[in-house]
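Participant:
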Amino acid sequence: MSIDFKDHGKKPYVVNIEEATVQNDNYRTTIWTGEKLQVTVMTIQPNDDIGLEVHKGIDQFIRIEEGQGLCLMGPSEDNLNFEQSVSEDEAVFVPAGMWHNIKNTGDTPLKLYTIYAGPDHIEGTVHPTHEDAKNDPNEH
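Be aware that the sequence shown starts at 1110, since it is given in our numbering, and climbs by one per residue.
1. Quick one: using the 10 Å Cβ neighbour count with 16 as the cut-off for buried, is E1240 buried or exposed?
2. Starting from I1167, follow its DSSP beta bridges and name the residues at the other end.
3. Nearest to W1141 by CA position, among E1248, T1238, K1243 and P1228, is which residue?
4. Determine, using beta carbons only, whether T1223 and F1170 come nearer to each other than 8 Å.
5. With 16 other CB atoms within 10 Å as the buried threshold, where does D1116 fall?
6. Would you say T1152 and N1133 are within 8 Å of each other, going by their C-beta atoms?
7. Candidates V1203, P1237 and H1236: which alpha carbon is nearest L1161's?
8. Below 8 Å between beta carbons: does that hold for F1191 and L1181?
9. Just checking my contact of E1197 with T1130 at CB under 8 Å: how many whole Å lie between their CB atoms?
10. Going by DSSP, what residue range makes up the alpha helix (DSSP H) through Q1147?
11. For D1158, I'd like the list of residues in its chain whose CB is within less than 7 Å of its CB, leaving aside the five on either flank, ordered along the chain.
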């Protein structure tokens, strides 16, 4: 199945989320942005990570489709007191205001999708690489 990697937000949309996640080769691709929800698919290369971040007022759900990693969370960026390995078919729940990061600890790309409640990125955001995301002036 061919996936149309564009933001289909604010209108009805059905997608095989597992196929979209596995087929995505960009660091981040936003595939749906609504008023109170956003979905992105991500590919984290070996020895890379999502990047330590916090979302104020936004809960986050992360589902691992392929690969393995290490999930870190905590109340501040210098107190990541939660650490757990994550792998295929596992979900991570990140409460609003919680600092978090997921590092790819495997030899293959870590494929995941994430749901933000509400949106965290500008509608239609695509970052081919982690470096592109870091250099995007719209990212925090």
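Think of the CB as a built atom: it goes at the ideal place given N, C-alpha and C, for glycine as much as any other residue.
Facilitator: Put simply:
1. By the neighbour-count criterion, in which 16 or more other beta carbons inside 10 Å mark a residue as buried, E1240 falls on the exposed side.
2. In DSSP, I1167 forms no bridge with anything.
3. P1228
4. yes
5. buried
6. yes
7. V1203
8. yes
9. Their Cβ separation, rounded to whole angstroms, is 11 Å, which puts E1197 and T1130 out of contact at 8 Å.
10. It is not in any alpha helix (DSSP H) - Q1147 instead sits in the beta strand (DSSP E) that spans Q1147 to I1153.
11. Answer for D1158: N1210, I1211, K1212 and N1213, listed in chain order.
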